[in-house]
Amino acid sequence: LAARTGHPEDTVVSVGKARIGQDFCLIAGPCAVESSEQVTSIARQVSAAGAQLLRGGAFKPRTSPYTFGGLGAEGLELLCRAGRETGLPVVSEITDPRQLSLFREVDVLQVGARNMQNFELLRELGRQEKPVLLKRSFGATVTELLQAAEYILAGGNERVILCERGIRTFETDSRATLDVAGIAALKEQSHLPVLADPSHAAGRRGLVAPLALAAAAAGADGLMIEVHDRPEEALSDGRQALTCGEFARLARRVQALTALL
Ligand code: PEP
Ligand code: MN
Numbered sequence: 010l011a012a013r014t015g016h017p018e019d020t021v022v023s024v025g026k027a028r029i030g031q032d033f034c035l036i037a038g039p040c041a042v043e044s045s046e047q048v049t050s051i052a053r054q055v056s057a058a059g060a061q062l063l064r065g066g067a068f069k070p071r072t073s074p075y076t077f078g079g080l081g082a083e084g085l086e087l088l089c090r091a092g093r094e095t096g097l098p099v100v101s102e103i104t105d106p107r108q109l110s111l112f113r114e115v116d117v118l119q120v121g122a123r124n125m126q127n128f129e130l131l132r133e134l135g136r137q138e139k140p141v142l143l144k145r146s147f148g149a150t151v152t153e154l155l156q157a158a159e160y161i162l163a164g165g166n167e168r169v170i171l172c173e174r175g176i177r178t179f180e181t182d183s184r185a186t187l188d189v190a191g192i193a194a195l196k197e198q199s200h201l202p203v204l205a206d207p208s209h210a211a212g213r214r215g216l217v218a219p220l221a222l223a224a225a226a227a228g229a230d231g232l233m234i235e236v237h238d239r240p241e242e243a244l245s246d247g248r249q250a251l252t253c254g255e256f257a258r259l260a261r262r263v264q265a266l267t268a269l270l
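Okay, so the sequence shown: first residue is 10 according to our numbering, each after it adds one.
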């Protein structure tokens, strides 16, 4: 169902004013929702810079259990409020089907890299009507990502958006290696929209813009970027967060580049 064979036209997932898979789409926001002030301030600034969707984690699957795990239900509420105030649809990561009722006002359900093969979660999201943003595991092949998407599609939910976020290689200079070839391969093999998340691949601020531009040039349908109003005070992933000003500059460069493609 995910394959391009027999499905030559691109799937377009509409969320708010965004037509993901048709028009280049920018999703921006903090790694984690930390407070009302934080998420509202970031939402206003990324919206002004041209983001079409607001991201923010509330249930954070952190590698260490001793780091900030998100505000949970309260985080979702703050995110949705900031989204309503700015007119931006919101994206947040769901880690367990039992959280679904808390996600009532969330527009796009994100499956994180660590849950790409959580098949019970995928099956449940296949029964939902909301779009699912499925991130590639750092240890999965392109084929395995498409097979994971198949679980959602097979349940009847056709609104699946794929996202490349970097894979594990021998290179440790960046946090993960953005698989630019994988972006082009996914576009070749599937009709589903393909986004790129340069933030989690980069792991540090300086690499985010070059990777974002490379992903756009390779044919990505959009980008998901972590932005913080005070990165040095961020409770998670501060090192890779762009400031609101840096995001605005990147958005202009990406728009100029995609106009040429
Ligand atoms: C995220 O986007 O918040 C995230 C945790 O990313 P990933 O699942 O790709 O690590
Ligand atoms: Mn993050």
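Here a beta-carbon is modelled for each residue, glycine too, at the ideal position from N, C-alpha and C.
DSSP three-state assignment for residue i, whether helix, strand or coil
i      : result
Ala149 : coil
Gly121 : coil
Cys253 : helix
Glu167 : coil
Gly30  : coil
Gly231 : strand
Glu173 : strand
Ser245 : coil
Val271 : In the structure as shown, the chain begins at 10 and stops at 270. Residue 271 is therefore absent and cannot be evaluated.
Lys139 : coil
Closer than 7 Å: residue i CB and nearest ligand 2 heavy atom
i      : result
Cys40  : yes
Ser183 : no
Glu242 : no
Ser245 : yes
His209 : yes
Glu159 : no
Glu94  : no
Beta-ladder partner(s) of residue i, from DSSP
i      : result
Arg64  : Val100
Glu73  : Note on identity: in this sequence residue 73 is Ser, with Glu being the wrong assignment. For Ser73, which the question treats as bridged, DSSP gives no partner whatsoever.
Ile161 : For Ile161, which the question treats as bridged, DSSP gives no partner whatsoever.
Val236 : Leu251
Reference residue i, options the options, closest by Cα
i      : options                           : result
Thr104 : Pro98, Gly231, Gly79 and Ala52    : Gly79
Glu94  : Thr72, Ile51 and Glu18            : Ile51
Gly231 : Gln249, Leu222 and Asp238         : Leu222
Leu259 : Pro207, Gly228, Arg107 and Asp32  : Pro207
Ala224 : Ser183, Gly175 and Asp182         : Gly175
Glu46  : Ala250, Glu133, Arg239 and Ile36  : Arg239
Glu180 : Lys196, Ser199, Gly212 and Glu197 : Gly212
Arg177 : Ala257, Gly92 and Ala210          : Ala210
Heavy atom of ligand 1 within 7 Å of residue i beta-carbon
i      : result
Glu114 : no
Asp188 : no
Arg123 : yes
Lys144 : yes
Next item on the list: Evaluate contact between the stretch 12-32 and the stretch 123-132, counting only Cβ atoms and requiring at least three cross-stretch pairs below 8 Å.
Entry: no
Notebook entry, point to check: Okay, do the stretch 261-270 and the stretch 63-75 touch, 3+ Cβ pairs below 8 Å being the bar?
Noted result: no
Next item on the list: Pair every Cβ in the stretch 179-189 with every Cβ in the stretch 131-144, then say whether three or more of these pairs are closer than 8 Å.
Entry: no
Check: Hey, is the stretch 153-168 in contact with the stretch 10-20, meaning 3+ C-beta pairs nearer than 8 Å?
Finding: yes
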